[in-house]
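In the UniProt record's numbering, the protein residues as written are 1 to 334. For each residue, glycine too, the CB sits at the ideal point set by N, CA and C. Down below is the structure, laid out as structure tokens.
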């Protein structure tokens, strides 16, 4: 900045990238800080990372300096962080980084739902609220049943429309062979499920299933602890068990057929926490399990470990889901 009394100079204009020129993406705060030559790889390091810091440069030296915590010279060329536009309801729902493209998906569409976010994971969580609403009908038909408490659990969602930064659930960007940064550790896939015999009735018995793989000693098939024996608590417990068993430095994709469990951990949590875990209908149900799940996710995030929650159709053709369901059913019989 010019000193007092001297004429201030206009900020240098950004120049367009010339043909053959390389752009460098610097990640100062992310899962794996460093300098990348692929935007897709860079996105993997920042999507879902709370407080991510990143910029792009035309100079490797400037990018490296930024990644190491040093601010580059004022004249260095950098780009502003990309904004993500989530379209939940529109001509073509999804996440966009170009506002004009997002507009094409909503202009002229009756009752569009869209919102701007600073991270892809937030935008994906926003969009997922609407996609899950469309699939919930199919999954609920396969559920063991509902009681008044579980109906209330689902209704609590109506009091929250916030999005939180959690390990994102949607498709990961594909990697490219030209990436210069270290390879991202492949995430383990684990299936979880819950079952409740006589769900919603006196004498109900619930079970928890966690499936790591055929013959894996870590597989879980056990009865649900506690007096409240509902399917929802069993589903949440399955997710929590998986996180408790895995090392905190092991990335994981947890696949579950419970939209309720995913929404608790990725969508509704922030608003409930802000409102001291109360809604107009009273205290949030199952908050002990929800808090424990989120605490494990935050513990893993602090170590730069990704935790991804993915919805799969229950009682269908997914082998892992079928195995987890079987473990949960057997657990309920114990």
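Per-residue DSSP class, three states only, for residue i
i, result
"residue 39", "helix"
"residue 53", "strand"
"residue 101", "helix"
"residue 28", "strand"
"residue 46", "helix"
"residue 138", "Residue confidence is low: residue 138 scores 38 on pLDDT, short of 50, so the model does not pin down where it sits. Its coordinate-derived value is still stated next. DSSP places residue 138 in helix when its eight states are reduced to three."
"residue 34", "strand"
Alpha-carbon spacing of residue i relative to residue j, whole angstroms
i, j, result
"residue 273", "residue 61", "42 Å"
"residue 95", "residue 28", "24 Å"
"residue 289", "residue 114", "31 Å"
"residue 295", "residue 44", "22 Å"
"residue 177", "residue 187", "Its pLDDT being 33, under 50, residue 177 is placed unreliably in this model, and the coordinates cannot settle the point."
"residue 314", "residue 195", "12 Å"
"residue 54", "residue 227", "48 Å"
"residue 240", "residue 22", "44 Å"
"residue 111", "residue 231", "34 Å"
"residue 200", "residue 229", "8 Å"
"residue 278", "residue 284", "6 Å"
"residue 280", "residue 122", "25 Å"
"residue 317", "residue 282", "38 Å"
"residue 326", "residue 257", "13 Å"
"residue 291", "residue 270", "11 Å"
"residue 65", "residue 36", "13 Å"
"residue 100", "residue 106", "10 Å"
"residue 58", "residue 98", "22 Å"
"residue 39", "residue 299", "27 Å"
"residue 357", "residue 242", "Outside the modelled stretch of the chain, which goes from 1 to 334, sits residue 357, for which no answer is possible."
"residue 104", "residue 319", "39 Å"
"residue 211", "residue 102", "39 Å"
"residue 261", "residue 116", "25 Å"
"residue 34", "residue 26", "6 Å"
"residue 41", "residue 109", "34 Å"
"residue 120", "residue 225", "37 Å"
"residue 259", "residue 301", "22 Å"
"residue 334", "residue 263", "29 Å"
CB of residue i within 8 Å of CB of residue j, strictly
i, j, result
"residue 324", "residue 223", "no"
"residue 56", "residue 24", "yes"
"residue 335", "residue 205", "This structure leaves residue 335 out entirely; the chain is present only between 1 and 334."
"residue 248", "residue 303", "yes"
"residue 118", "residue 83", "yes"
"residue 52", "residue 30", "yes"
"residue 236", "residue 286", "yes"
"residue 238", "residue 192", "yes"
"residue 321", "residue 218", "no"
"residue 245", "residue 265", "no"
"residue 312", "residue 129", "no"
"residue 340", "residue 252", "With the chain running from 1 to 334 in the structure shown, residue 340 is simply not present."
"residue 221", "residue 213", "no"
"residue 86", "residue 126", "yes"
"residue 330", "residue 215", "no"
"residue 310", "residue 250", "no"
Residue ranges of each beta strand (DSSP E) within the UniProt domain "RNase H type-1" (184-333), 3 or longer:
188-197, 205-211, 220-223, 252-256 and 307-311
Taking three-plus beta-carbon pairs below 8 Å as touching, is the segment 61-70 in contact with the segment 90-98?
no
Which runs of the beta strand (DSSP E) spanning at least 3 residues fall entirely within the segment 107-132, listed in chain order?
113-117
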